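Participant: My questions will all concern the structure given below.
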Amino acid sequence: MGAYIIRRLIAMAGMLVTLSVIVFLLFSVLPADPARLVCGKSCTPSIIKAINHKFGYDQPLAVQYKEFVQGIFVGRTYGEGKAAFDCHVPCLGYSFLRNEDVTTLIKDTLPITAQLALGGFVLWILVGVSIGIVAALKRGKWQDRTIMGAALVGYSFPSFFIALLLIFFVQIKFAVLGFHSYTSFFDSPAEWFKALVLPWIAVAMLYAAFYSRLTRNQMLETLGEDYIRTARAKGLRERTVIGKHGLRAGLTPIVTAAGLDLAGLLGGALIIEQVFALPGLGRLSVDSVTTSDLPVITGTVMVAAFFIILANLVVDLLYAVIDPRVRLA
Amino acid sequence: MGKAKIGLRSAAVVSLAAMALAACGGGSSGGSSGKSGNTPAGQPVKGGTLTMLSLNQEFTDLDPQRAYTGEDIAFLNAYMTRSLTAFKVSRDPKEQGTLVPDMATDTGTPANGGKDWSFTLRDGMKWEDGSPVTCEDVKYGVSRTFATDVITGGPTYAIQYLDIPSAKDGSSVYKGPYTTKGNDTAAYDKAVVCEGNKITFHLAKPVGDFNYTVTLGMGAVPKAADTAEKYTKKIVSNGPYKIQAYTKGNQMVLVRNENWSKDSDSYRPAYPDKIVVKFGLDQSVIDQRMIRDSGADQQAFMRESLLSSDLATVFNDPRYESRRVTNFSPYVIYRVINVEKVPDLKQRQAIAVAMDRAQLRQILGGKFAGDIADGVIKPNLAQDYAPSGMWTGLLGKTIPDSGDPEYAKQLIKDSGKPMPTITYSYSQNPDADKGAASIKSSLEKAGMKVKLNPIEASAYYTTIFDKSRATELMANGWGPDWPNASTVIPPLFTLKGGWDVGLVNDKAYNEKVAAALSETDRAKQATMWQDLNKEAMQQAWVVPTLFENDQRLAGSKVKSASGQNGQLYIGGSAGNWPYNDMYVQK
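Chains as they are written, first to last, in this note's numbering: chain A, 1 to 329; chain B, 330 to 915.
See below:
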């Protein structure tokens with residue numbers, strides 16, 4: 001197991017390096033000119049030259065990449081004279097449009113996205129898996145048809161539509177919940193909850209619909225297996241048959257999907273953050289794309305990729321824990 | 330300022346959201362008369378919390394040397410960053426361009442034919458930490474503009490106007506306060522002089538409206554608190570409010586600056602106790618909150634414009650009459666004709682004559698979008714605007730809004746030369762695509778060959794300012810920096826102006842522009858701008874298409890002391906809210 005994890009971690013590092021090179025190369029062919037974007041209306045060739053020099057855009061791409069990598073491991077200094085400032089390890093670059101280093105921007109936004117993703121994750125797993133099991137056990141009955149019908153509707157709605165419906169009915173029309181800006185849990189747990197409860201529900205509604213269908217299908221498939229019949233024939237209690245044998249075996253694809261979905265959300269819940277005005281990583285990514293903020297795009301792409309790759313590893317490891325039939329090579 | 334700001338929202342999200350919300354109804358509790366509440370409308374009261382709802386993630390810049398968005402400048406100037414002079418807060422468009430003293434005791438004294446300008450600072454002004462605001466703080470603030478690799482994105486009038494020599498590469502020999510290597514600090518000290526409370530600017534050439542210039546990018550900054558390019562994240566206030574909390578993408582909270590004194594500021598009544606800006610909201614949600622006007626939202630107002638899908642709801646219903654506003658935005662929309670690629674006057678006029686301006690306006694929203702333009706000076710520059718006559722005879726005959734392809738054909742024939750293929754470049758978005766199709770169609774009716782060149786938004790200005798990639802016809806927009814066409818005509822039609830996309834470089838015109846710039850008689854100067862606007866239109870250097878409008882909605886308890894019966898309005902050259910005297914009705 002240890003050797004397997006080490007091999008996977010090395011592969012993970014290799015993938016991130018490859019990705020960073022690809023992102024750098026892609027940006028080099030983009031038509032956007034960062035210096036022009038920064039210097040605004042009153043641009044002259046000498047101003048553009050000064051800005052390019054300051055951020056190192058006048059260097060060959062290989063040198064720029066080397067400095068980017070150096071920044072991650074040893075930090076780097078931007079500017080000269082009294083205006084010089086340090087970008088500390090791990091320096092993922094500096095946003096010339098936001099006047100902030102990318103690492104700080106990610107540090108500020110990632111926790112908010114993580115709170116959104118984890119809260120939503122808990123809700124959708126609890127709701128989705130539970131109603132999926134109920135639907136499987138009540139196969140063909142009204143409970144099954146109702147749950148699957150609702151899931152189909154939920155799954156068909158785009159996330160922004162669900163989010164806007166929640167805002168309209170809960171916050172505007174019936175004013176059950178006012179409009180609350182994101183507040184740290186440590187500053188005010190109540191405000192924190194009020195700001196996040198609707199985004200959690202919006203995330204959970206979409207995913208719960210999918211997971212209920214997935215769980216139902218997996219359960220039905222598993223419950224039809226010979227070993228389940230054997231377990232029942234041995235006289236095990238139905239709860240044990242379903243919980244210990246049926247659900248556990250059926251969980252493997254659910255864990256795979258959940259891991260990747262959670263990782264995807266950690267990389268930024270773009271639409272939900274946008275609609276609910278949550279200053280998370282997703283919105284940072286969208287804004288950096290619309291403003292051609294290349295250093296931030298690089299940083300957020302790297303972070304999102306890191307989560308996806310890490311989630312793959314965790315999911316693979318969890319297989320062995322959930323299903324003893326799986327052994328890691 | 331150029332119309333280059335990119336909206337942050339997803340168009341799909343917004344439009345679908347607007348449809349969804351519109352379908353759900355709304356607007357049941359709106360439409361306060363403006364007379365509800367405990368205080369009479371129009372009678373300002375102190376206290377309360379004003380809330381601004383914004384689509385943007387943050388202020389582009391708080392730094393007084395870098396802020397360059399009209400609405401942001403108006404907000405920051407009203408609450409935190411004072412300038413030597415300011416504009417009168419009034420709902421009368423003509424008064425909106427009137428200068429009043431702010432940090433200075435008067436609106437400035439010119440000498441030496443407009444080459445020297447002096448301002449005396451008021452007594453008793455303080456920074457939020459209690460230290461006095463000095464002449465040296467103003468001088469230091471202005472000096473930061475010269476650090477062009479650090480203080481980026483802001484206006485650079487200080488570099489253009491001050492009497493400081495240029496180096497061989499065209500940059501100033503003074504490089505700002507952050508570097509010593511090869512920096513001619515003495516040149517700056519000679520150009521900007523502090524004598525006690527009096528600051529004097531020595532200019533390279535006479536500038537008749539330099540006292541307007543100091544409203545933009547020439548605010549004070551305390552040297553001890555300057556953090557160079559990071560100053561824009563945490564500024565020190567010398568206005569009536571200071572930042573209590575600011576989280577980009579979330580909110581900013583302003584509270585009273587206890588070191589600000591009314592005795593040192595005759596410009597700001599400072600009515601609310603607190604001002605909150607909520608960032609990053611979806612515009613469709615902002616619209617619906619304002620339409621509903623319930624609870625705390627009665628004390629809120631929107632920073633940006635109503636979505637076009639909500640305009641009919643708001644403007645066709647009398648319940649919103651006291652809360653809705655419409656006026657000119659800062660921008661004129663126009664198409665630039667590249668004079669190097671289309672040097673023939675008749676051919677340029679043919680392009681202007683053939684264009685279907687009515688259809689272009691319809692694409693942008695019809696009557697709500699604005700008025701069909703006849704020049705680059707908008708009517709909200711009240712003193713400088715006069716009809717140019719571009720569509721009523723200036724080009725040889727009256728040109729209908731839908732264009733005159735037959736007359737365009739005649740002009741091409743009169744030119745005696747083959748018409749070049751017209752490549753139209755534009756920053757791509759759905760409306761711009763429709764506009765491009767309309768332009769192609771209308772020019773082709775006049776027998777021209779037209780190619781379309783859509784460009785990704787973030788690369789647009791990089792492309793059109795690159796002479797090798799500029800094309801015959803290019804989309805553009807412009808808004809003045811202050812209420813004087815000195816920030817319209819010179820930037821657009823002189824090579825050194827900064828926004829001369831069409832590469833106009835006419836010696837006689839340049840001389841007339843220089844003369845207008847140095848004219849200190851404002852009325853005379855206004856006439857000169859009107860003539861220059863007319864000449865530019867006659868030369869068909871651009872085809873003006875729209876004087877853009879802006880529509881917004883506010884909560885029923887948000888009022889303006891200068892508004893009629895307290896009603897809010899937007900105005901001035903930046904088309905902004907009257908932040909200075911906004912208050913919360915009890």
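Positions of the beta carbon are idealized from the N, C-alpha and C atoms, including for glycine. Here the structure is a predicted model, which means the values were calculated and not measured.
Assign glutamine 70 of chain A to one of two classes, buried (16 or more other C-beta atoms within 10 Å of its C-beta) or exposed (fewer than that).
Facilitator: Stepping through the first sequence from its first residue, residue 70 of chain A is reached at position 70. Exposed, because fewer than 16 other Cβ atoms sit within 10 Å of the Cβ of glutamine 70 of chain A.
Participant: Check whether the region 816-829 of chain B touches the region 841-852 of chain B, counting contact only when three or more Cβ pairs, one atom from each stretch, lie closer than 8 Å.
Facilitator: Result yes; three or more Cβ-Cβ pairs closer than 8 Å.
Participant: Which residues of chain A have a Cβ atom closer than 7 Å to the Cβ of tryptophan 828 of chain B, listed in chain order?
Facilitator: Locating residue 828 of chain B in the second sequence gives position 499, counting from the first residue. What tryptophan 828 of chain B touches in chain A: Lys41.
Participant: To the nearest angstrom, how far is the alpha carbon of alanine 852 of chain B from that of glycine 826 of chain B?
Facilitator: Translated into the one-based positions of the second sequence, residue 852 of chain B becomes position 523. Translated into the one-based positions of the second sequence, residue 826 of chain B becomes position 497. Using only the alpha carbons, I get a separation of about 23 Å.
Participant: Note the first and the last residue of the continuous beta strand (DSSP E) segment covering lysine 603 of chain B.
Facilitator: One-based indexing of the second sequence puts residue 603 of chain B at position 274. Here the beta strand (DSSP E) through lysine 603 of chain B covers 603-607.
Participant: Starting from threonine 44 of chain A, find everything on chain B with Cβ-Cβ shorter than 7 Å and list it in chain order.
Facilitator: Numbered from its first residue, the first sequence carries residue 44 of chain A at position 44. Those are Gly499, listed as they occur along chain B.
Participant: Pull up the distance between the alpha-carbon of isoleucine 133 of chain A and that of leucine 177 of chain A, whole angstroms please.
Facilitator: Looking up residue 133 of chain A in the first sequence gives position 133. Looking up residue 177 of chain A in the first sequence gives position 177. Whole-angstrom Cα-Cα distance: 32 Å.
Participant: What residues in the region 458-478 of chain B have a beta carbon less than 9 Å from any beta carbon of chain A?
Facilitator: Here the close residues are Ala476, Thr477, Asp478.
Participant: Would you identify the three-state DSSP class for histidine 53 of chain A, choosing helix, strand or coil?
Facilitator: Position 53 of the first sequence, counted from the start, is the residue given in the question as residue 53 of chain A. Note: histidine 53 of chain A maps to helix in three-state DSSP.
Participant: Between the Cα of asparagine 441 of chain B and the Cα atoms of B/Ala407, B/Val536, B/Ala487, which residue gives the shortest distance?
Facilitator: Here residue 441 of chain B refers to the residue found at position 112 of the second sequence. The option with the nearest alpha carbon to asparagine 441 of chain B is B/Val536.
Participant: What is the DSSP secondary structure of isoleucine 899 of chain B, counted as helix, strand or coil?
Facilitator: Taking the first residue of the second sequence as position 1, residue 899 of chain B is located at position 570. Isoleucine 899 of chain B: coil per DSSP, three-state reduction.
Participant: Whole angstroms is fine: what's the gap from alanine 788 of chain B's alpha carbon to threonine 103 of chain A's?
Facilitator: Locating residue 788 of chain B in the second sequence gives position 459, where the first residue counts as 1. Locating residue 103 of chain A in the first sequence gives position 103, where the first residue counts as 1. Each residue's Cα considered, the two are about 26 Å apart.
Participant: Is valine 314 of chain A buried or exposed, if buried means 16 or more other CB atoms sit within 10 Å of its CB?
Facilitator: Here residue 314 of chain A corresponds to residue number 314 of the first sequence, with the count starting at 1. Label assigned to valine 314 of chain A: exposed.
Participant: Between the region 649-659 of chain B and the region 430-446 of chain B, do at least 3 Cβ pairs fall closer than 8 Å?
Facilitator: Because the criterion of three Cβ pairs below 8 Å is not met, the region 649-659 of chain B and the region 430-446 of chain B do not touch.
Participant: Is tyrosine 912 of chain B close to chain A, meaning its C-beta is less than 8 Å from at least one C-beta of that chain?
Facilitator: Position 583 of the second sequence, counting from 1, holds the residue named residue 912 of chain B. It does not; no Cβ of chain A falls within 8 Å.
Participant: By the 8 Å beta-carbon criterion, what residues does the region 59-82 of chain A contribute toward chain B?
Facilitator: Of all residues in the region 59-82 of chain A, Gly79, Glu80, Gly81, Lys82 have a Cβ within less than 8 Å of some Cβ in chain B.
Participant: Indicate whether the contact test is met: 3 or more Cβ pairs, each with one atom in the region 50-67 of chain A and one in the region 469-478 of chain B, closer than 8 Å.
Facilitator: Counting Cβ pairs under 8 Å, three or more are found: they touch.
Participant: For the beta strand (DSSP E) holding methionine 911 of chain B, just list the boundary residues, first then last.
Facilitator: In the second sequence, counting from the first residue as 1, residue 911 of chain B sits at position 582. Element bounds for methionine 911 of chain B: 911-913.
Participant: Under a Cβ-count criterion, where at least 16 other Cβ atoms within 10 Å of its own Cβ denotes burial, should tryptophan 811 of chain B be classed as buried or exposed?
Facilitator: Here residue 811 of chain B corresponds to residue number 482 of the second sequence, with the count starting at 1. Its Cβ being crowded by 16 or more others within 10 Å, tryptophan 811 of chain B is buried.
Participant: Could you give the distance in angstroms between the alpha-carbon of tryptophan 446 of chain B and the alpha-carbon of proline 279 of chain A?
Facilitator: Reading the second sequence from its first residue, position 117 is the one you call residue 446 of chain B. Reading the first sequence from its first residue, position 279 is the one you call residue 279 of chain A. Straight-line Cα distance between these residues: approximately 45 Å.
Participant: Going by DSSP in three states, tryptophan 807 of chain B sits in which element: helix, strand or coil?
Facilitator: For the purposes of this step, residue 807 of chain B is identified with residue 478 of the second sequence, where counting begins at 1. Strand at tryptophan 807 of chain B.
Participant: Assign aspartate 287 of chain A to one of two classes, buried (16 or more other C-beta atoms within 10 Å of its C-beta) or exposed (fewer than that).
Facilitator: Within the first sequence, the letter at position 287 stands for residue 287 of chain A. Buried is the call here.
Participant: Comparing the C-beta of tyrosine 182 of chain A with each C-beta of chain B, is any distance below 8 Å?
Facilitator: Translated into positions along the first sequence, residue 182 of chain A becomes position 182. With 8 Å as the cut-off, tyrosine 182 of chain A counts as an interface residue toward chain B.
Participant: Could you pull out every residue in the same chain whose Cβ sits closer than 7 Å to the Cβ of aspartate 673 of chain B, ignoring the five residues on either side in sequence?
Facilitator: Against the second sequence, residue 673 of chain B aligns to sequence position 344. Closer than 7 Å at Cβ, skipping near neighbours: Ser744, Lys746.
Participant: Closest Cβ-Cβ distance between leucine 610 of chain B and chain A: below 8 Å?
Facilitator: For the purposes of this step, residue 610 of chain B is taken as the residue at position 281 of the second sequence. For leucine 610 of chain B, the answer is yes, since a Cβ of chain A falls inside 8 Å of its Cβ.
Participant: Between glycine 354 of chain B and tyrosine 912 of chain B, what straight-line distance do the alpha-carbon atoms span, to the nearest angstrom?
Facilitator: The residue given as residue 354 of chain B occupies position 25 in the second sequence. The residue given as residue 912 of chain B occupies position 583 in the second sequence. The pLDDT assigned to glycine 354 of chain B is 32, lower than 50, so where the model puts this residue is not dependable, and the model offers no usable value.
Participant: Using a beta-carbon distance below 8 Å, is proline 279 of chain A in contact with chain B?
Facilitator: Counting from 1 along the first sequence, the entry for residue 279 of chain A is found at position 279. With 8 Å as the cut-off, proline 279 of chain A counts as an interface residue toward chain B.
Participant: Check whether the region 700-719 of chain B touches the region 859-873 of chain B, taking contact to mean three or more Cβ pairs, one atom from each stretch, closer than 8 Å.
Facilitator: Touching, per the Cβ criterion.
Participant: Can you list the residues of chain A that lysine 607 of chain B reaches, using a CB-CB cut of under 8 Å?
Facilitator: If you number the second sequence from 1, residue 607 of chain B lands on position 278. Chain A residues near lysine 607 of chain B: Phe179, Ser181, Ala277.
Participant: Nearest to serine 637 of chain B by CA position, among B/Glu650, B/Gln628, B/Gln612, B/Thr449, is which residue?
Facilitator: Indexing the second sequence from 1 puts residue 637 of chain B at position 308. Taking only the C-alpha atoms, the option nearest serine 637 of chain B is B/Gln612.
Participant: Please decide whether phenylalanine 85 of chain A counts as near chain B, where near means a Cβ-Cβ distance under 8 Å.
Facilitator: Residue 85 of chain A sits at position 85 when you count from the first residue of the first sequence. Chain B contact via Cβ: present.
Participant: Leaving out the 5 sequence neighbours to the left and right, which residues in its chain are closer than 6 Å to glycine 776 of chain B when beta-carbon positions are compared?
Facilitator: Residue mapping note: residue 776 of chain B aligns to position 447 of the second sequence, counting from 1. Contacts found: Lys738.
Participant: Mind checking if phenylalanine 876 of chain B is an interface residue toward chain A, Cβ cutoff 8 Å exclusive?
Facilitator: Reading the second sequence from its first residue, position 547 is the one you call residue 876 of chain B. Closer than 8 Å: no.
Participant: Is the separation between the beta-carbon of valine 303 of chain A and that of glycine 267 of chain A shorter than 8 Å?
Facilitator: To locate residue 303 of chain A, count along the first sequence from 1; it is residue 303. To locate residue 267 of chain A, count along the first sequence from 1; it is residue 267. In contact: valine 303 of chain A and glycine 267 of chain A (Cβ atoms closer than 8 Å).
Participant: At 8 Å on the CB atoms, spell out the chain B contacts of valine 301 of chain A, in chain order.
Facilitator: For the purposes of this step, residue 301 of chain A is taken as residue 301 along the first sequence, with counting starting at 1. None at all; the shortest Cβ gap to chain B is about 17 Å.
Participant: From cysteine 87 of chain A to isoleucine 162 of chain A, what distance separates their C-alpha atoms?
Facilitator: Taking the first sequence and counting its residues from 1, the one referred to as residue 87 of chain A is at position 87. Taking the first sequence and counting its residues from 1, the one referred to as residue 162 of chain A is at position 162. Distance between the alpha carbons of cysteine 87 of chain A and isoleucine 162 of chain A is about 40 Å.
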